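Residue 57 is where the sequence shown starts when you use my numbering, and the numbers rise one by one after that.
Backbone N, C-alpha and C define an ideal beta-carbon position, used for all residues, glycine too.
All of these numbers come straight from a predicted model, not from anything done at the bench.
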Amino acid sequence: MAETDAYRLPRTVEPERYELTLKPDLDAARFSGEENVRVLIHDETDVIKLNAVELEILSAELIEDDGTKLAGTTTIDDELQIATIALSGTARRGAATLHLTFSGILNDKLAGFYRSTFKDDEGVERVIATTQMEATDARRAFPCWDEPEFKAVFGVTLIVDEGLAAFSNGAVQDSTDLGNGKRQVTFVDTMKMSTYLVAFVVGPLVETEAVDVDGVPLKVACVPGRERLTPFALEIGAASLRYFTDYFKIPYPGGKVDMLALPDFAFGAMENLGCITYRETALLVDHERASRLEVERVADVVSHELAHMWFGDLVTMKWWNGIWLNEAFATFMEIKAVDHFKPSWERWVSFGLEAGMAMNIDSLSSTRPIEFPVGNPEEARGMFDLLTYQKGGSVLRMLEQFLGEEEFQVGITQYLNKHAYANAETTDLWDALEASSDQPVRSMMDTWIFQGGYPIVSAERTGDNEIRLTQQRFRYIDNASDKPLWHVPIGIRTDTGIKKVLLTDESATIALPEGSTWVVVNQRSDGFFRVSYSSDMLKDVLSNVDQLDSLERFSLISDTWAACVAGQVSISDALEVAKVLRNDDDPTVWGAVLAPFRMLDKLVSDAQRPAFRTALTDLLQGQYERLGWEKQAGENERASTLRAVIIGALGTLAEDDGVRTEAARRYHAFQTDEKALDTDLVDTVESVLASTNKAEFYEQLYAKFSAETSTPQEQVNALQSLACFTDKAFVDRTLGMILDGTVRTQDAPYTLRLMLTRRPTGPQIWEWCETHWDTLMERFPDNSIARMIDGVTAQVDAVLAQRVETFLKAHPVPQAEKMVEQSCERLQVNVAFAERNKDVLPALF
Ligand code: BES
Ligand code: ZN
57 MAETDAYRLP RTVEPERYEL TLKPDLDAAR FSGEENVRVL IHDETDVIKL
107 NAVELEILSA ELIEDDGTKL AGTTTIDDEL QIATIALSGT ARRGAATLHL
157 TFSGILNDKL AGFYRSTFKD DEGVERVIAT TQMEATDARR AFPCWDEPEF
207 KAVFGVTLIV DEGLAAFSNG AVQDSTDLGN GKRQVTFVDT MKMSTYLVAF
257 VVGPLVETEA VDVDGVPLKV ACVPGRERLT PFALEIGAAS LRYFTDYFKI
307 PYPGGKVDML ALPDFAFGAM ENLGCITYRE TALLVDHERA SRLEVERVAD
357 VVSHELAHMW FGDLVTMKWW NGIWLNEAFA TFMEIKAVDH FKPSWERWVS
407 FGLEAGMAMN IDSLSSTRPI EFPVGNPEEA RGMFDLLTYQ KGGSVLRMLE
457 QFLGEEEFQV GITQYLNKHA YANAETTDLW DALEASSDQP VRSMMDTWIF
507 QGGYPIVSAE RTGDNEIRLT QQRFRYIDNA SDKPLWHVPI GIRTDTGIKK
557 VLLTDESATI ALPEGSTWVV VNQRSDGFFR VSYSSDMLKD VLSNVDQLDS
607 LERFSLISDT WAACVAGQVS ISDALEVAKV LRNDDDPTVW GAVLAPFRML
657 DKLVSDAQRP AFRTALTDLL QGQYERLGWE KQAGENERAS TLRAVIIGAL
707 GTLAEDDGVR TEAARRYHAF QTDEKALDTD LVDTVESVLA STNKAEFYEQ
757 LYAKFSAETS TPQEQVNALQ SLACFTDKAF VDRTLGMILD GTVRTQDAPY
807 TLRLMLTRRP TGPQIWEWCE THWDTLMERF PDNSIARMID GVTAQVDAVL
857 AQRVETFLKA HPVPQAEKMV EQSCERLQVN VAFAERNKDV LPALF
C-alpha cells in the first residue's frame, strides 16, 4: 500500500463551485456527466489533481478568466483514486473553470452512484439510481476534490426520463421538458459543503405533501404503495427539526428536507444535506402494526440524521480521524431528541445497552482510541464502529453531565457558529466548551479520546464516612504492563446525599455524605467506566437494590459479568447478582441479566442442559407470571418490551415447552385476528417458533418474508426468524436464498451474522462463509463484512476460534482491519473463559 500522504490531494487548486450535470441511464446501468468547476489556483501549475475512481474522463479543459483555454490529458491512478490532468500550458494564479466530461457505471455495491431495484405492483422490476458518497465514494459519481475540507457549492442538474422523480440536495429550481422523452431538472445551489454530502436520486418514487416546519418544507419519498407508512417519519422529522433548531439556536442550514426510503441501502441512513437517504426499515413504519422498538428505531435514525444537518453538514471535521466528532455527537443528540419526543421510552436507559456493547469492544487489547489516525479510504471506512458511535456518544453524555446541560449547550452553539460552513477539529470543540464552562475540558477529554480502553474503579469502605476509590484499566485479558489513567468524573450517590468528584490520580479517599449506609459509585451510570465494590459494599448495595435507578441496576450486573469474563469474579457470584435482579421491571436491566446465560448456553454440555434450562426458567418464571401475554391496563410502554424479552428467553434459551405451545397457539390465532397478539410480541413469537424447527413455521415465515403486502419490518423480521432455524434442510434453504439473490445484499450479511450466532450450527455456517468467501466479498456492501464476521464471537469453541483466526489472516478485510482483529480477540476471550471454568460448570448446573 502507498504512503498515507500519497492519498491526499495538493491544495494548489481548490474548488469553489461545481456546476454538475448528470444523465443516468437506468436500464443500461450507466451514466454520463459533465461538470464546470469554478476553481481557485493558488500557485501557477501545469497539473491539476482530483479524485476519480471507476470513471472514464472523456475530456478535460481549463478555461482561464481571460478566455485562454488549456487542454488537459487525464490519467487515473486506480490505487490512489487520483486523476491527474496534465495541462497543455501553465495555468496562472487566480480563478478559472475546469470543464470535464465523463461517464461511469451505476454499480450494485450500494456505494457511489448505484442501482437499487424493486418490483412494482405488476411484478415488473423497476430501477432507482441513487447515491451514497460517504466516506470517499463521491469520486465514483463525478471527478471531485473528495476530501471533507474542500468545501464548495454544488449546482446540480439531472437529465431524467419523463415520469421519474428526481431529488438532490437543493429544492427544484427549474424543470424543463426536453421533448425527447427526457426532462431536465435543475436544483437550487447548495450551501458550501463537503463532497461526501452530495446526493442525487432518480427513479419511480412517490412523495408526500410537504409539512411546513416553521418555514422548512419536510417531505418523505418512497416506492409506490408504501405511502401509508410515512406519517410517523413526518411526525418525528418535524419534532426533531424543531428540537434541534431550538437546541443549537441556529436555523436549519438547508432550504428543504426530503427524506427518501430506498429499497437497497448499505447503512441505516445518510445525512446528505436536505436529501437524507434511508433504508426502508429506518424510515417507513406502520404505526398500527409495528413494535414499539421499531417505531423507536425510526425516531432514532431520523433524529440522528437531522442532528447531522448542523453537526457534520454545517460544521464538518477536517479529516476522517475526526469522524468521531460527527458520529458521536449525532448519536448523543439523537438520544436527547428522542428522549424529549417521548420521555416514557426512557431512551437514555436503553442507551446503556449500547454503551455496554462499546465497553465490550473497549475491553480488548485490540481496541483503539476514539480518535485515531486515518490515511487511506479503507481506514476511513473502518472508523464507523461502536467506539466512534457508542463510546463517543457515551463520553459526550459523561461530559455533558459533568459540565451541566446548559453550559454544554452554550459551548456547542458557540462552536457551531464559529465554524459554520467550514471545518473543525476536536480541539476546537474543547476550546468552546472550556470557554462556556470554565472547566478543564481538554485535559479531561484527552484521556478519553486519545487513549483506548477505560477504567474499572474499585471502591472500598475505609471508614464510617469515607471510601477509597482506585482506578485501573479494565481488560478481559491484560498482558500489557503500562498503567494508563483517566480523568474520571464520578457521581457518588448514597442514602443520604450525592457527591461529585473528578478522579485524576490512581486513587483518592473520598468523604461520604454524613450517615451513609449504602453507596452507589457512578450515579445513573453517567460515566464510561465500570465499578468493582468491595464485598461488604456490594452486600449493602444488593440489599438496597430497590433504591437504585435503572442504569445503576444495569451496571451492577453488567460490571459483575464483565469482571467474571475477565476472570476476576466467579460465575456463581455473578449469577447471584443476576438473581437479586429477578424482580426487576426494566427491559434494559434484563438485557444484562440474560447476557451470562447467552454465553453459558454455548458452554454447558448436553448432560447439563436440562439443569441449565431449569435454572433459567426459575429465574424468569416470576416475570412470566406477572406479565403474561397481554398488555395490562395502566402498564408503562416499556412493559411490553420486557414481556417480549422474557417470553423470548423462555421460548428460545430455556426451550420452555409451555411457552412454545402458547406461542404457536397465539400466532395461529393472529393469522386471522390481528388483535390476538400484541404488536410488541410478534417478532419474538416468530423467533420462538423458529427455534422449534417445524416446517409449517418455516413456510409461514417464508411467505411473510416474500409477501409484497408485508411492511419492511415484517419482511426483515421474518427473514431474521428464518435465520434462527437450525435443522439442516432449513439452514440450506436460507443459505440458498442468500446465494441466489432472494435476500437483498443489504440484508444478507445480517442474516448470516445471526446464523453465525446459533447453537449448534454457528461453526458450520462459518465453514460455509469460508467456502463462499469470494462471492460474499464481491457482492456485499464493504461496511457490512465486519458486522457479519462479528456474529461468530457468540461462539465459545477453541477449534473454531483458531480456524477463524487462520482464515482471516489469509483473507484480510482491508476496510475493517481493526474490527476483524477485535472479533478474533473476542473469540480468544471466550476460549479462555471456557478453559478457566471447565471444572466449575458441572457443579453449577
Ligand atoms: N453518516 C452515517 C452513515 C455512514 C456510515 C456513512 C458509515 C458512511 C460510512 C449516518 O449518519 C449514520 O450514522 N447512520 C447510522 C444510523 C444511525 C442512527 C446510527 C447507520 O447507518 O448505521
Ligand atoms: Zn451519523
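Runs of the alpha helix (DSSP H) spanning 4 or more residues and lying entirely within the stretch 633-706 occur at 643-656, 665-683 and 695-704, in chain order. Set against 7 Å, the gap from the CB of glutamate 327 to the closest heavy atom of ligand 2 is smaller.
Every alpha helix (DSSP H) stretch that sits fully inside the stretch 334-401 and reaches 4 residues is listed by chain position as 348-366 and 379-397. If you check the C-beta of alanine 386 against ligand 2, you find a heavy atom less than 7 Å away. The C-beta distance from threonine 550 to leucine 568 rounds to 6 Å, short enough to fall under 8 Å. Within the stretch 772-814, the complete alpha helix (DSSP H) segments at least 4 residues long are 784-795 and 804-813, listed from N- to C-terminus. Rounded to whole angstroms, the separation of the alpha carbons of isoleucine 113 and threonine 740 is 52 Å. Taken in chain order, the unbroken stretches of beta strand (DSSP E) that lie wholly in the stretch 518-544 and span 3 residues or more are 522-529.
If you check the CB distance, valine 896 and isoleucine 533 do not come in under 8 Å. Here DSSP, grouped into helix, strand and coil, assigns arginine 424 to coil.
The stretch 61-78 makes no contact with the stretch 437-447; the number of CB pairs closer than 8 Å stays below 3. The beta carbon of lysine 165 sits closer than 7 Å to the beta carbons of Pro837 from its chain, once the five residues preceding and following it are set aside; these are given in chain order. Between methionine 315 and valine 358, the C-beta spacing is below 8 Å.
Membership of arginine 716 in any beta strand (DSSP E) is not indicated; the residue belongs instead to the alpha helix (DSSP H) covering 713-728. Around arginine 669, the same chain offers Ala710 and Glu711 as residues with beta carbons nearer than 7 Å, after the five sequence neighbours per side are excluded. In the DSSP assignment, threonine 140 is bridged to Lys105 and Thr131. In the three-state scheme derived from DSSP, where H, G and I count as helix and E and B as strand, methionine 249 is classed as strand. Out of Arg814, Leu778, Leu810 and Leu812, the CA that lies nearest to the CA of threonine 798 is found in Leu778. Proximity of the beta carbon of valine 497 to ligand 1 is not indicated: no heavy atom of the ligand is located closer than 7 Å.
Relative to ligand 1, the nearest heavy atom lies less than 7 Å away from the CB of aspartate 356. If you draw a straight line from the Cα of glycine 583 to the Cα of arginine 195, it comes to about 40 Å.
According to the DSSP assignment, phenylalanine 243 belongs to no alpha helix (DSSP H) but to the beta strand (DSSP E) extending over 238-243. In this structure, alanine 116 places its C-beta atom within 8 Å of the C-beta atom of isoleucine 141. When the beta-carbon positions are compared, threonine 173 and proline 319 come within less than 8 Å of each other. About 6 Å separates the beta carbons of methionine 373 and proline 204, which is inside the 8 Å limit, making them a contact pair. Straight through space, the alpha carbons of asparagine 692 and methionine 389 are spaced by roughly 24 Å. At a threshold of 7 Å, histidine 360 counts as near ligand 1, since its beta carbon sits closer than that to one of the ligand's heavy atoms. DSSP places glycine 412 in the helix class (H, G or I) of the three-state scheme.
Counting every other CB atom within 10 Å of its CB across the protein chains shown gives aspartate 233 a total below 16, marking it as exposed.
In the DSSP assignment, methionine 315 falls within the unbroken beta strand (DSSP E) covering 313-318. Under the three-state reduction of DSSP output, alanine 842 falls in the helix class.
Using a 10 angstroms sphere on the CB of phenylalanine 206, the tally of other CB atoms reaches 16 or more, which defines it as buried. Take valine 876, set aside five residues on each side of it, and the residues of its chain with a beta-carbon closer than 8 Å to its own are Ala842, Ile845, Leu864, Pro868 and Val869, in chain order. With a threshold of 16 other beta carbon atoms within 10 Å, tyrosine 477 falls short and is exposed.
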